[in-house]
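Student: I'd like to ask some things about the structure below.
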Amino acid sequence: MADCLTSVYDRAKVLQSNGCYSDALKELDKLIQLAEQCKEQSESLKRLLSCAWNDRGHLKYLQVDFYNAISDYTRAIELSKDFAVPYYNRGQVHYRMGRYQEAVEDLRQALRIDPSFEDAQHNLNQAEQDWSGK
1 MADCLTSVYD RAKVLQSNGC YSDALKELDK LIQLAEQCKE QSESLKRLLS
51 CAWNDRGHLK YLQVDFYNAI SDYTRAIELS KDFAVPYYNR GQVHYRMGRY
101 QEAVEDLRQA LRIDPSFEDA QHNLNQAEQD WSGK
């Protein structure tokens, strides 16, 4: 089952990189549905699911569907709390929505997980500056 899920994820990534966002979203939805039916809940499966939710959130973000993007990033975080990227991505959405405090919190968490995450550091500096200017 894990190989099947990985191939679905790989297809979704190829579709996404080719700009076929709605097809990529369908593949990610399929992956999530299949994975949630799977009895095996290994750490590798949780990580794959976390990546799928994160990528799905990114596709929602590109559609300017910010509330659902936040929900998907949150699900990715719940599955893999040591994955910095969904914290960063959720922080970006909060920032775009003018929620500077939430953006700062998420970006700080991304940096706690990965102190070398340069984009997170840059965006944290901007979010802190904008938050203090409110």
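FYI, the numbering for the sequence shown is 1 to 134, going by the UniProt record's numbering.
Each residue gets a CB set at the ideal place from its N, CA and C atoms; glycine is no exception.
Within 10 angstroms of its Cβ, does Val8 collect 16 or more other Cβ (buried), or is it exposed?
Tutor: Val8 is buried by the Cβ-count criterion.
Student: Considering only the alpha carbon of each residue, which of Asn125, Trp131, Lys13, Glu128 lies closest to Leu31?
Tutor: Per the Cα distances, Lys13.
Student: Check whether the segment 31-44 and the segment 84-92 touch, using three or more Cβ-Cβ pairs below 8 Å as the test.
Tutor: Because the criterion of three Cβ pairs below 8 Å is not met, the segment 31-44 and the segment 84-92 do not touch.
Student: Quick one: residues in its chain with C-beta nearer than 8 Å to the C-beta of Ile113, no 5 flanking neighbours on either side, listed in chain order?
Tutor: Excluding sequence neighbours, Ile113 sits near Asp82, Phe83, Ala84, Tyr87.
Student: Report yes if the CB atom of Ala35 is closer than 8 Å to the CB atom of Leu49, and no otherwise.
Tutor: Yes, these two residues count as a Cβ contact at 8 Å.
Student: Taking the alpha helix (DSSP H) that Gly133 falls in, what are its first and last residues?
Tutor: Neither: Gly133 is in no alpha helix (DSSP H) and is coded neither H nor E.
Student: With DSSP as the reference, label Gly91 as helix, strand or coil.
Tutor: In the structure shown, Gly91 sits in a helix (DSSP, three-state: H, G or I).
Student: Would you report the Cα separation of Lys60 and Leu79, rounded to the nearest angstrom?
Tutor: Going by the C-alpha atoms only, they are around 19 Å apart.
Student: Going by CA-CA distance only, name the one from Leu28, Asn123, Gln37, Ser116 that's closest to His58.
Tutor: Closest option to His58, Cα to Cα, is Leu28.
Student: Express the C-alpha separation of Asp3 and Leu62 in angstroms, rounding to a whole number.
Tutor: When rounded, the distance between both Cα atoms is 28 Å.
Student: Where do the ends of the alpha helix (DSSP H) carrying Glu43 lie?
Tutor: Here the alpha helix (DSSP H) through Glu43 covers 43-62.
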